Amino acid sequence: MRFSEIPGLTEIKRKLIQSVQSNKMAHAQLIAGKEGALNLPLALAYANYIQCTDRTPEDACGVCPACSKNQKFIHPDLHFVFPLSNIKNDKDADRFKAEITKSWRAFLT
């Protein structure tokens, strides 16, 4: 996801880009809003912009190795956190996590 793929939100995108360019990013960002809003795409575009190795002043390049990995949701520094039930068996927990990850990636594409 790139900023150019998100309609509107010009001021928010500008502030996020500026935080990266000035190297004054917070250690965490909470991007919240109503269901169906552009919160998730904005968060993904921001993560991609941070990790892009050839970004422009306006957006991530979309073609460097970091961008390619982010587009597939496999970048090692891109993490998603899910609430999981208390599964006692490690084998079952690993299988459950793998299923959730597969479903999540399918949802994102």
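Residues in the sequence shown are numbered consecutively from 876, following my numbering. All C-beta atoms in this analysis are idealised placements derived from N, C-alpha and C, irrespective of residue type, glycine included. In this text the structure is predicted, and so the values were computed from the model without any measurement.
Can you tell which of the options has its C-alpha closest to the C-alpha of residue i?
i	options	result
Glu933	Leu915, Tyr921 and Leu983	Tyr921
Met876	Lys977, Asp967 and Leu915	Leu915
Ala907	Met900, Leu919 and Val938	Leu919
Glu880	Gly911, Lys966, Gly937 and Asp967	Gly937
Gln896	Leu905, Thr931, Gln904 and Pro882	Thr931
Thr885	Ala903, Leu905 and Leu917	Leu917
Leu953	Ile962, Ala941 and Phe971	Ala941
Leu913	Asn898, Ala901, Ile887 and Asp929	Ile887
Phe878	Glu910, Asp967, Asp965 and Gln946	Gln946
Excluding the 5 residues flanking residue i on each side, which residues of the same chain have their C-beta closer than 6 Å to its C-beta?
i	result
Lys944	His950
Asp929	Cys936 and Cys939
Met900	Ser894
Would you grab the beta carbon distance between residue i and residue j for me? Rounded to a whole angstrom, and I think it's under 8 Å.
i	j	result
Leu983	Phe957	The Cβ separation is near 13 Å, so there is no contact.
Ile962	Phe955	Between Phe955 and Ile962 the Cβ distance is about 18 Å, and since that is not below 8 Å, they are no contact.
Can you find the residues in the same chain that come closer than 8 Å, C-beta to C-beta, to residue i, ignoring five residues on each side of it along the sequence?
i	result
Glu910	none
Only counting the same chain, and skipping five residues up and downstream in sequence, which positions put a Cβ closer than 7 Å to that of residue i?
i	result
Pro882	none
For the 8 Å Cβ check, are there 3 or more pairs between the region 922-942 and the region 887-897? yes
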